[in-house]
């Protein structure tokens, strides 16, 4: 017994005419007749009292007609409910984060996507100001940034693991024990082009965070390594160039002062973000990663949906 047979019998019950019912169901009259006969065989009772001029339903046929109507109505209702449920399911999450969380977010999202491959995640690196603006206009589902705006401006809170700073071995910073924004201020920045779009964006965001965006000069690895030997520049590149830099006897990678242990992060969700089980699990992964890497709890999880 198939649902289309219910639809066919319902059409016959309403029109009481085999040809008209067959046309409504896009069938030939003989095909509709065979379908009704199959129903009668499966139900082991006569549904239609046939005559040369009209089609009448037997008592069993009238009862089965009601059953067909109820079944098809219930099917329509459940389809509507399931469609609404599917519409509300998360299949994509957009996350914005600052450099403070640059090691936390990719790791947490990687763990989450292993468990939920059906959900895609977009990750975007922003300054804190950009992050606040994107969240305000509802372009992000989740925003993760620093909650300590009172940190000294000269501190470099976190440099992405995908990026390296380097200078000439005769550069003053090659001998420095503390390298923060104040130490970097006197030196123009060089930025090495990356073949990775994601790393290239990190390089641009790093220039913004280091207050070098208005003066940074961009070039390929050969151009950058030659220019930085003048001892007047500091350069930044993606980790794909680490071997080239390490292999150059005139260059060295420098480590900026890190303040990650003092870092407190704030996580905020969009007012329209649907906090179902998968979303809550992602937030849990992020919170665990914050605790693992910084030894601190997320300072706040805020949302109008909570």
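In this note's numbering, the protein residues as written are 1 to 306. Yeah, the Cβ is synthetic: ideal placement off N, Cα and C, and Gly gets one too. Just so we're clear, the structure is a prediction, and the values are computed from it rather than from any experiment.
Beta-carbon spacing of residue i, residue j below 8 Å
{"i": "residue 164", "j": "residue 239", "result": "yes"}
{"i": "residue 206", "j": "residue 159", "result": "yes"}
{"i": "residue 119", "j": "residue 105", "result": "no"}
{"i": "residue 255", "j": "residue 187", "result": "no"}
{"i": "residue 69", "j": "residue 35", "result": "no"}
{"i": "residue 65", "j": "residue 10", "result": "yes"}
{"i": "residue 278", "j": "residue 116", "result": "yes"}
{"i": "residue 265", "j": "residue 144", "result": "yes"}
{"i": "residue 46", "j": "residue 58", "result": "yes"}
Residues bridged to residue i [DSSP beta-bridge criterion]
{"i": "residue 50", "result": "55"}
{"i": "residue 110", "result": "Residue 110 is not bridged to any residue."}
{"i": "residue 104", "result": "Answer is none; residue 104 lacks a bridge partner."}
{"i": "residue 202", "result": "Note: residue 202 sits in no beta bridge, so no partner."}
{"i": "residue 217", "result": "190"}
{"i": "residue 92", "result": "120"}
Element boundaries [beta strand (DSSP E), containing residue i]
{"i": "residue 129", "result": "No beta strand (DSSP E) contains residue 129, which is instead part of the alpha helix (DSSP H) from 128-136."}
{"i": "residue 189", "result": "189-192"}
{"i": "residue 122", "result": "120-125"}
{"i": "residue 273", "result": "Careful: residue 273 lies outside any beta strand (DSSP E) and carries neither H nor E."}
Residue burial classification, residue i (beta-carbon count within 10 angstroms, cutoff 16)
{"i": "residue 202", "result": "buried"}
{"i": "residue 4", "result": "exposed"}
{"i": "residue 1", "result": "exposed"}
{"i": "residue 44", "result": "exposed"}
{"i": "residue 195", "result": "exposed"}
{"i": "residue 290", "result": "buried"}
{"i": "residue 212", "result": "buried"}
{"i": "residue 247", "result": "exposed"}
{"i": "residue 175", "result": "exposed"}
{"i": "residue 226", "result": "exposed"}
Any non-hydrogen atom of the ligand GDP closer than 7 Å to residue i Cβ
{"i": "residue 4", "result": "No copy of the ligand GDP appears in this structure; indeed no ligand is present at all."}
Delimiting residues of the alpha helix (DSSP H) encompassing residue i
{"i": "residue 244", "result": "242-246"}
- Task: Taking 8 Å as the threshold, find out whether the stretch 99-118 comes into contact with the stretch 176-193 through three or more Cβ pairs.
- Result: no
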